[in-house]
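First up is the structure itself, then whatever we jot down about it.
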Amino acid sequence: MSIGFLRFLGVLLILGSIGFATVKGSITGGFRYITPGFGQVTHVIAAPDRS
Amino acid sequence: MSSQPLTAPERRAATARSLGSTGAAIILYLLPLPLLGKAFYELVLRGRFTGFVLSLALFALFILGAELMRRGITKSWDFKSRKVALAGGPPLKSMGSIVIGVATVLTAFLAGDQALPASIAIGLGAILGLFLTYGLDARGAKGVSADSGISAEEVQAALAEARGRLGAIEEAGKRLTGSAAYELRQKIRDVMAAAAKVLHLIEEDPRDLRRARKFLNVYLDSAKTVTENYAASAEKSHSPEMEAKYRAVLDDLKKTCDEQYVKLLENDTLDLDAQIEVLKTRLTREGLS
Chain A
1 MSIGFLRFLG
11 VLLILGSIGF
21 ATVKGSITGG
31 FRYITPGFGQ
41 VTHVIAAPDR
51 S
Chain B
1001 MSSQPLTAPE
1011 RRAATARSLG
1021 STGAAIILYL
1031 LPLPLLGKAF
1041 YELVLRGRFT
1051 GFVLSLALFA
1061 LFILGAELMR
1071 RGITKSWDFK
1081 SRKVALAGGP
1091 PLKSMGSIVI
1101 GVATVLTAFL
1111 AGDQALPASI
1121 AIGLGAILGL
1131 FLTYGLDARG
1141 AKGVSADSGI
1151 SAEEVQAALA
1161 EARGRLGAIE
1171 EAGKRLTGSA
1181 AYELRQKIRD
1191 VMAAAAKVLH
1201 LIEEDPRDLR
1211 RARKFLNVYL
1221 DSAKTVTENY
1231 AASAEKSHSP
1241 EMEAKYRAVL
1251 DDLKKTCDEQ
1261 YVKLLENDTL
1271 DLDAQIEVLK
1281 TRLTREGLS
């Protein structure tokens, strides 16, 4: 494997790992152990039809 | 590493290295930016101060790692570009990688809702990526052969001392005032450039160090003392006679420096030492040393 390819692989790994952690970390609201209900999936339940 | 830039090309190279390393590490400064968005969201939209502080702390940890990495890259480039170099000091790239790896694990686990094993795997991926992209820290010494009888530490120390003396000459030159200050500073720059050429020669072939030791110690020290003394006396009172003497000495210094460069190239040591002695006597006689 050439040095260039290894560097390219390195950049991909950086983008993938750090990028994933920071982007996922910022779109997930709150923090583990601190924010109540952190990480729990909430579903939007349709309101009953009142008509 | 002891390598303060002396001449304009050296300064340009140092600036280019600094800018280049920032460019190489720019991705590491950009990737944590979403955490600033999270900090804003936590404080302004949700009113959660702890979340705001934690987001900023994670962001700061990433930036600390990026800064360590940037300095490590500059250090490695400096090591590569020098003929004689000694890689000392802390392993900045490794430290930067570990800090960024830890920041990644914490972000993935605490903020990204990932399980601990997955977070650790993501952090290790980041460290591996940093290692593949930026390489390891330079270690050891280069440029001095084992049979030359001179160690890289010795060469580095001698060059650092010489650069220190040249730096002091430049600093003293900045204190010069009066109508001739610009011209004298230009002459000092010429002397510095000529002396820097000699230092480069020693860097190219460290065996020259033995022959040039007197030049580095006696000659540069005399030049430094002369400039400092003149700058100090010129601050108090301006004497045209002293100024003329100093100008002549600077011309002499430059000329001798050039000649010594050539003589070092020709390995003519005896003549060189005699010339330094003549210059030293002259400086003492004229009351400049």
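From first to last, the protein sequence lines are chains A and B.
Take this note's numbering: the last position of the first sequence gets the number 51, and nothing is skipped along the way.
Take this note's numbering: the last position of the second sequence gets the number 1289, and nothing is skipped along the way.
Built from N, CA and C at the ideal position, the CB exists for glycine as well.
With a cutoff of 9 Å on beta-carbon distance, ILE14 (chain A) and ILE1063 (chain B) are scored as not near each other. Scanning its chain for C-beta atoms nearer than 6 Å, with the 5 sequence neighbours on each side dropped, one finds around ALA1231 (chain B) the residues ALA1172, ARG1175 and LEU1176, in chain order. With a 10 Å radius around the Cβ and a threshold of 16 neighbouring Cβ atoms, GLN40 (chain A) comes out exposed. Within chain A, the residues THR22, GLY25, SER26, ILE27, THR28 and GLY29 have their CB atoms less than 9 Å from the CB of LYS1038 (chain B), given in chain order. Take the alpha-carbon of GLU1153 (chain B) and the one of ARG1163 (chain B): they are about 15 Å apart.
Of B:ILE1202, B:ASP1137, B:ASP1258 and B:GLN1260, the smallest CA-CA separation from VAL1084 (chain B) is found for B:ILE1202. For LYS1224 (chain B), there is no enclosing beta strand (DSSP E); the enclosing alpha helix (DSSP H) has its first and last residue at 1220-1236. When DSSP states are grouped into helix, strand and coil, LYS1142 (chain B) belongs to the strand group. A contact between stretches requires three or more CB pairs, one per stretch, nearer than 8 Å, and the segment 1111-1118 of chain B fails this requirement with the segment 1085-1103 of chain B.
For GLY4 (chain A), no CB of chain B lies under 9 Å from its own CB, so it is not counted at the interface with that chain.
With fewer than 16 neighbouring CB atoms inside 10 Å of its own CB, GLU1266 (chain B) falls in the exposed class.
Taken through DSSP and simplified to helix, strand or coil, LEU1176 (chain B) comes out as coil.
At least one CB atom of chain A sits nearer than 9 Å to the CB of PHE1131 (chain B). Taking 9 Å as the cut-off, the beta carbon of GLY29 (chain A) is found no closer than this to the beta carbon of THR22 (chain A). About 5 Å separates the beta carbon of LEU1068 (chain B) from that of LEU1092 (chain B), a gap short enough to meet the 8 Å contact definition. SER1055 (chain B) sits close to LEU1036 (chain B), with the two beta carbons spaced by under 9 Å.
Ranked by Cα distance from PRO1034 (chain B), the first of A:TYR33, A:PHE5 and A:PHE20 is A:PHE20. Beyond the five residues adjoining it in sequence on each side, LEU1132 (chain B) comes within less than 8 Å, by CB distance, of no other residue in the same chain. Within the DSSP secondary-structure output, ALA1115 (chain B) pairs in no beta bridge. GLY37 (chain A) has a beta carbon lying at 9 Å or more from every beta carbon in chain B. Taking the C-beta atoms as reference points, GLY25 (chain A) is found no nearer than 9 Å to LEU1130 (chain B).
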